[in-house]
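Participant: Numbering-wise, the working numbering puts 314 at position 313 of the sequence shown, and it's gapless, one number per residue.
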Amino acid sequence: MHRMRAFGSGLLVLVAAAVAGCSEEASSGGGSGAGVSSGGGGGGAGPVGPVGPISGEVKRYDVAFDLTTMALRSTLSIDVAEPGGDCFDIDCALEVSDVTLNGNPAGSAEVLDGKLSACGTGSKAGALTLAAHAFVPEGTAGGLDVGFSRSKNLAGGSFAYLLSWVGGCDRFGPCDDDPSKLVEFGFNITHAPGNVVLCPGALVPGSTNTTCELSGTLAPTYSAYALAADPDWVRTPFVKAAGTDLVFYEVPGGKLRATLDASAVGTMLEWLTTTLGPMPYGPELRVAGAPTAWFGFEHPANILLREDLPNYDGDPYANTTMHVLVHEVVHQWAGDRSTLASEADFVWKEAIAEYLTYVFEDEHGAPGDAAASLAYWDEIALGADYHPRPMDQPTPPLAKFYGDVYGPGPMVLFVQLESMFGRPAILAAIAAFLAEPGSRSVEELRAALELATKVELKAYFDAWVFGTGKPEWPTVGVETSQLGTEVTVTVTQSTPSKKLHGCLVEVDVVGASKTATALVDFGVTPTEAKKSVTVSLDEPIVKVVIDPRNRLVSWHAATATQERARPRRKAIPF
Ligand SMILES: [Zn+2]
2 MHRMRAFGSG
12 LLVLVAAAVA
22 GCSEEASSGG
32 GSGAGVSSGG
42 GGGGAGPVGP
52 VGPISGEVKR
62 YDVAFDLTTM
72 ALRSTLSIDV
82 AEPGGDCFDI
92 DCALEVSDVT
102 LNGNPAGSAE
112 VLDGKLSACG
122 TGSKAGALTL
132 AAHAFVPEGT
142 AGGLDVGFSR
152 SKNLAGGSFA
162 YLLSWVGGCD
172 RFGPCDDDPS
182 KLVEFGFNIT
192 HAPGNVVLCP
202 GALVPGSTNT
212 TCELSGTLAP
222 TYSAYALAAD
232 PDWVRTPFVK
242 AAGTDLVFYE
252 VPGGKLRATL
262 DASAVGTMLE
272 WLTTTLGPMP
282 YGPELRVAGA
292 PTAWFGFEHP
302 ANILLREDLP
312 NYDGDPYANT
322 TMHVLVHEVV
332 HQWAGDRSTL
342 ASEADFVWKE
352 AIAEYLTYVF
362 EDEHGAPGDA
372 AASLAYWDEI
382 ALGADYHPRP
392 MDQPTPPLAK
402 FYGDVYGPGP
412 MVLFVQLESM
422 FGRPAILAAI
432 AAFLAEPGSR
442 SVEELRAALE
452 LATKVELKAY
462 FDAWVFGTGK
472 PEWPTVGVET
482 SQLGTEVTVT
492 VTQSTPSKKL
502 HGCLVEVDVV
512 GASKTATALV
522 DFGVTPTEAK
532 KSVTVSLDEP
542 IVKVVIDPRN
552 RLVSWHAATA
562 TQERARPRRK
572 AIPF
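(1) Taking V266 as part of the alpha helix (DSSP H), name the residues at either end of that continuous run.
(2) Jot down the residue ranges of each uninterrupted alpha helix (DSSP H) in the segment 88-137, minimum 4 residues, whole runs only, in chain order.
(3) In this structure, does DSSP put W234 in helix, strand or coil?
(4) Counting only runs that start and end within the segment 286-349, where is the beta strand (DSSP E) found for 3 or more residues in a row?
(5) Starting from Q394, trace the beta strand (DSSP E) both ways and give me its first and last residue.
(6) Could you check whether the Cβ of F173 sits closer than 7 Å to any heavy atom belonging to ligand 1?
(7) Report yes if the CB atom of S533 is closer than 8 Å to the CB atom of P475, and no otherwise.
(8) Where does Q394 land, buried or exposed, given buried means 16+ other C-beta within 10 angstroms?
(9) Could you check which residue in N210, K571, S442 and A243 has the C-alpha nearest to that of V348?
(10) Can you tell me where the alpha helix (DSSP H) holding D539 begins and where it ends?
(11) Just how far apart, CA to CA, sit V546 and C170?
(12) Quick one: using the 10 Å Cβ neighbour count with 16 as the cut-off for buried, is S98 buried or exposed?
(13) To the nearest angstrom, report how far apart S208 and V235 are at their CA atoms.
(14) For D407, report the span of its beta strand (DSSP E) as first-last.
(15) Quick one: residues with CB closer than 5 Å to any heavy atom of ligand 1, in chain order, please.
(16) Using alpha carbons as the reference points, say which of A225, S78, G485 and G478 lies closest to Q494.
(17) Inspect the beta-carbon positions of T76 and T130 and report whether they are closer than 8 Å.
(18) Just verifying my parser: in three-state terms, what is the DSSP assignment at S420?
(19) For V416 and S374, what's the separation of their Cα atoms in angstroms?
(20) Could you compute how far the alpha carbon of P574 sits from the alpha carbon of A354?
(21) Please identify the residue among H557, A460, S498 and D539 whose C-alpha is closest to the C-alpha of V508.
(22) Find out if the Cβ-Cβ distance for the pair L284, G244 is shorter than 8 Å.
(23) In the structure shown, what three-state DSSP assignment does Y250 receive?
(24) I'd like the span of the beta strand (DSSP E) that includes T454, first residue to last.
(25) I'd like to know if the segment 214-223 and the segment 292-299 are in contact, where contact means that at least 3 CB-CB pairs between them fall below 8 Å.
(26) Excluding the 5 residues flanking A65 on each side, which residues of the same chain have their C-beta closer than 6 Å to its C-beta?
(27) Helix, strand or coil for T191? Go by DSSP, reduced to three states.
(28) Please state if the CB of V197 and the CB of W166 are separated by a distance shorter than 8 Å.
(29) Do you know how far the Cα of R552 is from the Cα of A82?
(30) With V242 and E271 assumed to form a contact (beta carbons below 8 Å), what rounded beta-carbon distance in angstroms separates them?
(31) When you compare only the Cα positions, how much space is there between G187 and V525?
(32) So which of A460, G439 and A430 has the shortest CA-CA distance to L1?
(33) Tell me where the alpha helix (DSSP H) around D463 begins and ends.
(34) Who are the near neighbours of R424 in its chain, counting only those whose CB is closer than 6 Å to its CB and skipping five residues on each side?
(35) State the Cα-Cα distance for the pair L341 and E444, rounded to the nearest angstrom.
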């Protein structure tokens, strides 16, 4: 799996003194775990237990962090599988010290090639705790907020942000950065008096110490291993709806809360909980404004919104501030409570967040809100360099392809199928897909859509969703002939490789005063590249418009340039 390393692959750590190390055989990973413990598991001195590499899953992270010194101690609760062992390996992109196993100093602990290998006297199957100390350096990667950073808020104060993202929690010490894992978290943040700290889950603020507990509903490390702090934040109630108390954190002069309509946000909470079930992470949902790189981020029970979002109202979305808020709230279910089976499956969580936001805009927003979202996705989709679910081997680095999911994702996974099968079937598929917590793949989403639409979608997904290299979106051309009031509309789809794409093509046949809409349905498994339908128009045709409502990712052959203009706008991920 790709891992972003800001600090290089670490090396070295320490060897704790006066403790029995693991055997040569075990530390080199050659042991088979044949030993039998006569006592409990654990590191340090004591009865010798099983030897060999430990196979185990981290179930919980307890993170103690001092925001002033940036000293961090993480304690991992690991469920050790049979037969146990004496060395545990875990992702770790940072030098660590003071490594313990079950509270005893590790016999040896070394960070090499992005992995910490900690060895003790052997642990049987069952519970094992591994703890390590680290200093988190300030620094971010790729112009994003990934890492730990301090930046100036719009009031001139200092905002601090610790953010993992997909594959990145090992920047802060030992952490399994597999995005498919759902775990518990406990945070204990020491800070200057009066600092306002947000961490995921149930939050207990204090003057110099803030704690958070995330258990019950679990979350992935990419969104939950995070904290944000700003001494200028003022906490203000905003709206209570659907069993949720949505509160705002903004610095003086912040415009997010003032830009949003509380009653519309309440309607959104009612609609989303009706569609997806109760809010996953408890009754409080905190929304904070900050000088972040991304438009928003979906931490469990905490949503960060970029503080200057209102400047983007009108472009790219009609109501960008509300759009991003709805998108991040959807992520509480789609991306937090349910997570990615793999990095390559990234598209589904963004596509669901975008599609449900569009449905909300269409059913509860202002006129034009939903149309603006469709027009934006349709435009940026043409610039995608990767398929929505890239099948390239090895999987390209996430930073390279994730921006390409925001337009094609909601279009090909949902909007185009909505055109053919109706919105209720698509919403039913999404609700079923997210009904239970767990990790999910795009292939599982296809299965959910097939159940809801009662249609085999393999050919459709193979044409639109799965693939290697740059996607080959179809070029759509239209011919019309008019005989009296009858207009025959013939649509041709083409790609250089002759691959056919399942789709329904809308064509507006426009007269001087009237418009007739032709719906040319190729089905999800087309066998012909050309299809005709007839519509009625009792005046001469003035012009023909392909895909007038931006419901199909395609190039349009009918324009003067033979090809639709290149997209003007680029994807803005969030
Ligand atoms: Zn998102």
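Glycine included, each C-beta is placed from N, C-alpha and C at the ideal position. Fair warning: this is a prediction, and the values are worked out from it, not measured in the lab.
Facilitator: So, to answer that:
(1) A263 to L277
(2) none
(3) DSSP places W234 outside both helix and strand once states are collapsed to three, so it counts as coil.
(4) Correct list: 297-300, 303-307 and 339-341.
(5) Looking at the DSSP string, Q394 is not in any beta strand (DSSP E), and its letter there is neither H nor E.
(6) Result no, Cβ not under 7 Å from ligand 1.
(7) no
(8) exposed
(9) It is S442.
(10) Neither: D539 is in no alpha helix (DSSP H) and is coded neither H nor E.
(11) So the alpha carbons of these two residues sit roughly 48 Å apart.
(12) exposed
(13) 14 Å
(14) For the sequence presented, residue 407 should be read as Tyr rather than Asp. Where Y407 is concerned, there is no enclosing beta strand (DSSP E), given that its DSSP letter is neither H nor E.
(15) Chain-ordered list of matching residues: E351 and A354.
(16) When A225, S78, G485 and G478 are compared, the shortest CA-CA separation from Q494 is found for G478.
(17) In this structure, T76 sits near T130, with a CB-CB distance shorter than 8 Å.
(18) helix
(19) 11 Å
(20) 12 Å
(21) H557
(22) Checking the displayed sequence, the identity of residue 284 turns out to be Pro instead of Leu. Result yes, Cβ atoms of P284 and G244 sit closer than 8 Å.
(23) In the structure shown, Y250 adopts extended strand secondary structure according to DSSP, grouped into three states.
(24) It is not in any beta strand (DSSP E) - T454 instead sits in the alpha helix (DSSP H) that spans V443 to T454.
(25) no
(26) Excluding the 5 residues flanking it on each side, A65 has same chain C-beta neighbours closer than 6 Å at R74 and N189, in chain order.
(27) strand
(28) Result no, Cβ atoms of W166 and V197 do not sit closer than 8 Å.
(29) Rounded to the nearest angstrom, the two C-alpha atoms are 49 Å apart.
(30) First, the residue type needs correcting, since residue 242 is Ala and not Val in the sequence shown. Correct: roughly 6 Å between the Cβ atoms.
(31) 47 Å
(32) Outside the shown range of the chain (2 to 575) lies residue 1, about which nothing can therefore be said.
(33) K459 to W465
(34) Counting only Cβ-Cβ distances below 6 Å, and skipping sequence neighbours, we find nothing.
(35) L341 and E444 have their C-alpha atoms roughly 12 Å apart.
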